[in-house]
Each structure stands twice: as structure tokens, then as C-alpha cells.
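These protein sequences, in sequence, are chains A and B. Under the numbering used here, the letters of the first sequence match residues 1 to 330, in that order. Under the numbering used here, the letters of the second sequence match residues 1 to 330, in that order. These notes concern the structure reproduced below.
2 protein chains.
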Amino acid sequence: MQLHPPYLLFLGDAKDPFSIKLARGVVDWRPELALAEFALPGCTETTGIQSMDIATARANGAKSFVIGLANSGGTIQDNWLDCIKLAIQSGMNIISGMHQSLNDIPELKQLAKQHNVELQDIRKPQQTFKTGTGQPRSGKRLLAVGTDCSAGKMYSTLAIEKAMRDSFSVSFRATGQSGILIAGEGIAVDCVVADFISGAIEELSPANEPDHWDIIEGQGSLFHPAFAGVSLGLLHGAQPDALVLCHVEGRDSMRSLTNRPLPSIEQTIEVNLQAAKVTNPKAKFVGISVNTSALEEQQALEQCQRYEDQFGLPTIDPLRHGVARIIENL
Amino acid sequence: MQLHPPYLLFLGDAKDPFSIKLARGVVDWRPELALAEFALPGCTETTGIQSMDIATARANGAKSFVIGLANSGGTIQDNWLDCIKLAIQSGMNIISGMHQSLNDIPELKQLAKQHNVELQDIRKPQQTFKTGTGQPRSGKRLLAVGTDCSAGKMYSTLAIEKAMRDSFSVSFRATGQSGILIAGEGIAVDCVVADFISGAIEELSPANEPDHWDIIEGQGSLFHPAFAGVSLGLLHGAQPDALVLCHVEGRDSMRSLTNRPLPSIEQTIEVNLQAAKVTNPKAKFVGISVNTSALEEQQALEQCQRYEDQFGLPTIDPLRHGVARIIENL
Chain A
1 MQLHPPYLLF LGDAKDPFSI KLARGVVDWR PELALAEFAL PGCTETTGIQ
51 SMDIATARAN GAKSFVIGLA NSGGTIQDNW LDCIKLAIQS GMNIISGMHQ
101 SLNDIPELKQ LAKQHNVELQ DIRKPQQTFK TGTGQPRSGK RLLAVGTDCS
151 AGKMYSTLAI EKAMRDSFSV SFRATGQSGI LIAGEGIAVD CVVADFISGA
201 IEELSPANEP DHWDIIEGQG SLFHPAFAGV SLGLLHGAQP DALVLCHVEG
251 RDSMRSLTNR PLPSIEQTIE VNLQAAKVTN PKAKFVGISV NTSALEEQQA
301 LEQCQRYEDQ FGLPTIDPLR HGVARIIENL
Chain B
1 MQLHPPYLLF LGDAKDPFSI KLARGVVDWR PELALAEFAL PGCTETTGIQ
51 SMDIATARAN GAKSFVIGLA NSGGTIQDNW LDCIKLAIQS GMNIISGMHQ
101 SLNDIPELKQ LAKQHNVELQ DIRKPQQTFK TGTGQPRSGK RLLAVGTDCS
151 AGKMYSTLAI EKAMRDSFSV SFRATGQSGI LIAGEGIAVD CVVADFISGA
201 IEELSPANEP DHWDIIEGQG SLFHPAFAGV SLGLLHGAQP DALVLCHVEG
251 RDSMRSLTNR PLPSIEQTIE VNLQAAKVTN PKAKFVGISV NTSALEEQQA
301 LEQCQRYEDQ FGLPTIDPLR HGVARIIENL
């Protein structure tokens, strides 16, 4: 899926900072893609960039209207429809990461056709994939894996890609909706039909120049009972040379589950390495990325040092310490 | 997906025995579901049951017309359409396991609506699933896993379910198209959206009486670079108490891949057990089911004995030796 920036980021009537995570991700990581934001009356949030109405944004070159907020049901709310229609009429494509598909709303579909713009549901891959082959591909690949979902895999890989840009030929390969919006392309791997998980990743990260690095966003965890299948297919398809382990310090139960303790870092390294070797016998871990937000500065340093001593891998909090030491280890 | 037997098994103009595998599976395992077969001129194959034309089959109670053959492209062939339409007009549902969806052919869709019958694409789950929870469920579960795809998982689980019927409360749970046709219901797990693999299996094999056994058809292999994601999600969703390892003796490369050796039985046991324990810490292997068709009778017995000595598990070829010894080990 290829998106068309620059974006007008729509914030709806968002009232808490977490709900505009999608819009904020773009502004944090690819400010050049975000022309402006646009909110409904009652919205209390902002990404901090300039605000423009739809007509002004279009006149200033905005090519896509991005639904930059999330709600609990994942539905396109009725009070967004007038804005979406106006954006279509102005000639903008519409980008959505909601569960409900833009393309399932007949009046939007018809209007988009009439104005020759695209309705892009980034959670719904439209292309057909082949099944994976496991055949080695040229080029180098780094993949983030985790002890859990939401363990910092997107943040870590974006930080690594950014820090590598000056010295390496490098691409960020997005596998989730936030990542796709930031990268402007990618495949929402958890939305692919199960038969094609690894095949989709083989297509997302094709053969490349021998020194080129693909930095591939990870998803889920091999230990998460809901999503491990996605994680394993992604791992096999990525055939990573380098793995980065992501972990959230102080989390006591796996994401969205109760009473399910996280696996140890040791287990996570062992099981991921074993599985990675199915498609890349040379796979190895190159670093550990820890979200230490639950700790004080000094405690965070000490905890990272403990992991570093235990596993012999550079261990950092990407937000606090940067990712340079992991890159040095490539 | 709930199918409606009895079936009229359509063989098209099949010219080799492998192409009518779907139809033959029903006749082998659930002859009571198959009223008759029906072939086009030029067909050289038969399942061995009586032949009837569409009108006669309908008059004798056939409720579904089953496309019981496969072709290489997975498309609904033009020369089948007249028969399919006639079956719809006679009041039969149409069942297909082809890649091309019956529901994507407008004239069939319209005709089916007009005659109030269903077009059932058994490879395309229609229901929406929840993500898995990994929560323990009551009842007992057996799952077949393999060193490879097409390693006898369906055959072994059907044989086990059949042999258990007299002494146990037992259900066969189908996860692939042939299995679904035989069981009359099930979920084609490789066609589920990746996010819902384990959730779909939790729904397929719900909580049950404490002594009830679900015998769950396995898919793929944790070592197959195309399909391991499906296998892992299925394993986590099944939370099996008992695992049966399926293996084909003498195969030198993994199915549909070249130059990829199969994992050892030892590795397959170790990795499956480790993964199974994520959702069922008490999971254990109860037997090994080997397809020994490449060996002579005596060699087959000796090879099974070698595996039995090596792994301490009852080892049989289900076709040659039956599955009783695995059931005794439950």
C-alpha cells in the first residue's frame, strides 16, 4: 500500500492524548509528511503543528486526509463524515486505520470514484500475496521482536533506521498501521490471510543490494497466545540477520491479558533465535531495547547494565540513551 | 461453517485420482454423507459410490452439490457452470473449496438468492472471530503436528476419532477444506485473518465436558517457512493436552520447497512442546504416526520400532497398524 503525502491530519473531537497516537507518530517521526492538522470543535488535543481547514490545506498541497485518531470501537463516526466528504470533494485521498472500512461505506465509495481519489484502509491489504518460500535474499535485515506486544518495537526500529541514515543505505519496513502512516507504505501483517504471513513479509522486504539494511518493524510476541502466529510468520519471512529484543520494564501481565506473566528475556532470546534459524542460520541478537519509563534515571541505567552483563548485548532505553550502541554492534 | 449433507459429489471431467481427493475423503471417512457422485463426459475417475444425475439426486434427498475435485489454478471452470446452475435451480446448496469464490460469480450469486440456497466457499470463513485469550478451557484436546505439511495429520486425527467413538465422548474438529467437507463443519484456519488464528481455534474447540475429547486436525509445521505462523497460532489456540507427531518416512525436502531438509523428529517434538506449554503447561506427546508407504511391510515395522525405542512413544503407521496403541496411551 502506497500512501500519498503530504497529509492533513484529522484529530476529530479527540479528548485524550493517547487517542491521537497515529497523528502524533507521523509528526514525531516524519514531520515533513504532515502539512497541518485539522480538528472538530471540542477537540482538546494537538500534535503541535499548524492547523488548517480542508480547503486551505488542499490549496497548500495536501494530498491525503488522514484519520489520525482512534476510538474504542474502530468505527468511522457519523460526526466525521461531513469532513471526510469535503476532503474527497476537494480532491484528497482518505487514509484510515480504523477497523470499519472506508470502502464499506457506499456514499464515500461513490463520492471517491466521482472525484477520482483513493479510499485507503491501511489495515486491509488489497494486494494478493504468494506463500513464503524461505529462499535466502540478498541485502541485510534487522527485525525487532518482543517479550510482549506494545513493547517498543516500532519506536526502536524507527530510531535505529533514523540513526543509521547518515552512514548506511537503509529502509524502514512498516508492518502495522502507525508504521505504514509514518513510512508512507507497508503491509499490516496482522490483517493478511494466515496462509500468506511470511510471503507478505518476503514481498515487503525484497532482495536488495548486499550492504542495504531493511529495518523491519516487529509485531506481537512468540509468547502471546493471541498473536504468536503473526510473530512467527513475520520472523520467518523477515529472515533477519540481526534481532533486537524489546522489553517493557515493570509490566506484570501480557498486554490485554490478565494473570499471564511475561516470558523472561532469556526465554525470548532462545525461542526467537531457534525460530529465526529456520530461514537464516546466521541470525543473531545485536541488542536489547528496554522501555524503562517505570524507573528513575539511575535505576534505568543500572537495570540496562544488569541485562548487558547477563546477556552480553548492548542494552539501552532508546528514548533515554539512544540506539547508537546497538548500531555499533551490527 | 455448517454444511448440509447429504452430498452429491461432483467429479467434473477429472482424469487423475489425486484430483478427486476431496470427494474421496468424504466417501472414505463419512460414506453416510455422500448420496451419490456425478461426473461430466470424459471423466475417468470414480469414488466407487453410485452415480446419479442432478435431478435424481435431488429427488433422493441430496441437499448439497459438492465440487469434489481440484484443479491447478483453483478456479471454477466454465464447463462446470451449467451443472452448478442446474443444482442451484433444483434447490441444492453449492459447496466449494476452490480458491475462486462462488460468491464472486454474480450470476451464481443471483441465482442462489433467487432459489434461496447457500453458496458455501469452505476456504473463506464468513464469520468474524475474536483474538485468542489463552484462557484454559474445560474438556480434553488432542492435536496432530508434523515435521512437514501433508504429513498425515488429517488422516491420523480422523483415524483416532473413529477408533475412540465407541469408548469416549469425542469430536473431530476440522481445520482444512477436506476435513470440513468430511466433518460437515469446521474452520479453514489458513484462510483466517492472521490476527485471529488462535482465536478461531478457541471458537472451533470450545469448553466442553471434562471427559470430552476434541481431536483437532493440524496444519503445516513449525518448521515450514511458508506456514509456520498458522501452525503456531493453531497450537496455541488448541491448547492440546495430547500431541501426536506426524511424519512421512523418506521425504527428502519439505513440501513445495526445494533443497529444504525436514526437521528431525527430535527437534519437532522439542519445539512443539515448548510452544504448546504457552497455553497448556501439561501438554505432552502421546504417539508418533508415520506414513511408511515408501517402505516394505517389514522395514516399516522396524522403522516404527526404532522411533518407539528412541522417543519412548507408541509409533504406528495408521494405515498399516491402526491407531489403537496411541489411544491406549491417552
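Don't be surprised by glycine CBs; every beta carbon is placed ideally from N, CA and C.
What residues in its chain sit with their C-beta under 6 Å from that of residue i, if we drop five residues either side in the sequence?
i, result
"P106 of chain A", "none"
"N291 of chain B", "G152 and V248"
"E308 of chain B", "T315"
"T47 of chain B", "A23, R24, V27 and E37"
"I288 of chain B", "L245, Y307, L313 and T315"
Compute the distance between the beta-carbons of residue i and residue j, then report whether it is under 7 Å.
i, j, result
"S156 of chain B", "A144 of chain B", "yes"
"R325 of chain A", "P314 of chain A", "yes"
"L8 of chain B", "A39 of chain B", "no"
"E32 of chain B", "L11 of chain B", "no"
"S198 of chain A", "A207 of chain B", "no"
"V286 of chain A", "L330 of chain A", "yes"
"S205 of chain B", "R165 of chain B", "no"
"L22 of chain A", "L158 of chain A", "no"
"L86 of chain B", "N103 of chain B", "no"
"F196 of chain A", "F129 of chain A", "yes"
"H99 of chain A", "G68 of chain A", "no"
"I216 of chain A", "I160 of chain A", "no"
"C43 of chain A", "D82 of chain A", "no"
"G229 of chain B", "G179 of chain A", "no"
"I327 of chain A", "A59 of chain A", "no"
"D121 of chain B", "S150 of chain B", "no"
"P136 of chain B", "C191 of chain B", "no"
Out of curiosity, what's the CA-to-CA distance linking residue i and residue j?
i, j, result
"Q239 of chain B", "S171 of chain A", "38 Å"
"A34 of chain A", "H224 of chain A", "34 Å"
"V278 of chain A", "G233 of chain A", "11 Å"
"Q177 of chain B", "I94 of chain B", "14 Å"
"L295 of chain B", "G250 of chain B", "8 Å"
"Q2 of chain A", "Q77 of chain B", "34 Å"
"G97 of chain A", "P41 of chain A", "22 Å"
"R123 of chain A", "S256 of chain A", "20 Å"
"Q299 of chain B", "V27 of chain B", "30 Å"
"D16 of chain B", "D53 of chain B", "21 Å"
"V193 of chain B", "E297 of chain B", "43 Å"
"F18 of chain A", "F168 of chain B", "52 Å"
"K113 of chain B", "M92 of chain B", "12 Å"
"V117 of chain A", "I187 of chain A", "21 Å"
"H212 of chain A", "G139 of chain A", "5 Å"
"A283 of chain B", "A276 of chain B", "6 Å"
"P6 of chain B", "Q50 of chain B", "13 Å"
"E270 of chain A", "K109 of chain B", "51 Å"
"M154 of chain B", "G184 of chain B", "14 Å"
"R320 of chain B", "L243 of chain A", "46 Å"
What residues in its chain sit with their C-beta under 8 Å from that of residue i, if we drop five residues either side in the sequence?
i, result
"Q89 of chain B", "L111 and H115"
Spatial neighbours of residue i within its chain, please: CB distance less than 7 Å, with the 5 preceding and 5 following residues excluded, ordered by chain position.
i, result
"M254 of chain A", "D148, H224, R260 and L262"
"N280 of chain A", "Q239, P240 and D241"
"D317 of chain A", "V290, N291, T292, A300 and C304"
"G132 of chain B", "S198, G199, E202, H236 and G237"
Starting from residue i, follow the beta strand (DSSP E) in both directions and report where the run begins and ends.
i, result
"I95 of chain A", "N93 to S96"
"I180 of chain B", "That residue, I180 of chain B, is in no beta strand (DSSP E); its alpha helix (DSSP H) goes Q177 to A183."
"G146 of chain B", "K140 to G146"
"H247 of chain A", "A242 to V248"
"F311 of chain B", "Segment E297 to F311 is the alpha helix (DSSP H) holding F311 of chain B; no beta strand (DSSP E) there."
"V278 of chain A", "Per DSSP, V278 of chain A belongs to no beta strand (DSSP E) and is neither H nor E."
"E37 of chain A", "A34 to A39"
"G396 of chain B", "Residue 396 of chain B is absent from the structure shown; chain B starts at 1 and stops at 330."
"R173 of chain A", "V170 to R173"
"V66 of chain B", "S64 to I67"
What residue range is occupied by the uninterrupted alpha helix (DSSP H) comprising residue i?
i, result
"W29 of chain B", "K21 to W29"
"L257 of chain B", "Segment: none, L257 of chain B is in no alpha helix (DSSP H) and carries neither H nor E."
"S221 of chain A", "Per DSSP, S221 of chain A belongs to no alpha helix (DSSP H) and is neither H nor E."
"I201 of chain B", "I197 to L204"
"L9 of chain B", "Taken as a continuous stretch (DSSP letters only), L9 of chain B belongs to no alpha helix (DSSP H), being part of the beta strand (DSSP E) at Y7 to G12."
Can you find a C-beta in chain D that's less than 7 Å from the C-beta of residue i?
i, result
"D214 of chain B", "Among the chains of the structure shown, chain D does not appear; the protein chains present are A and B."
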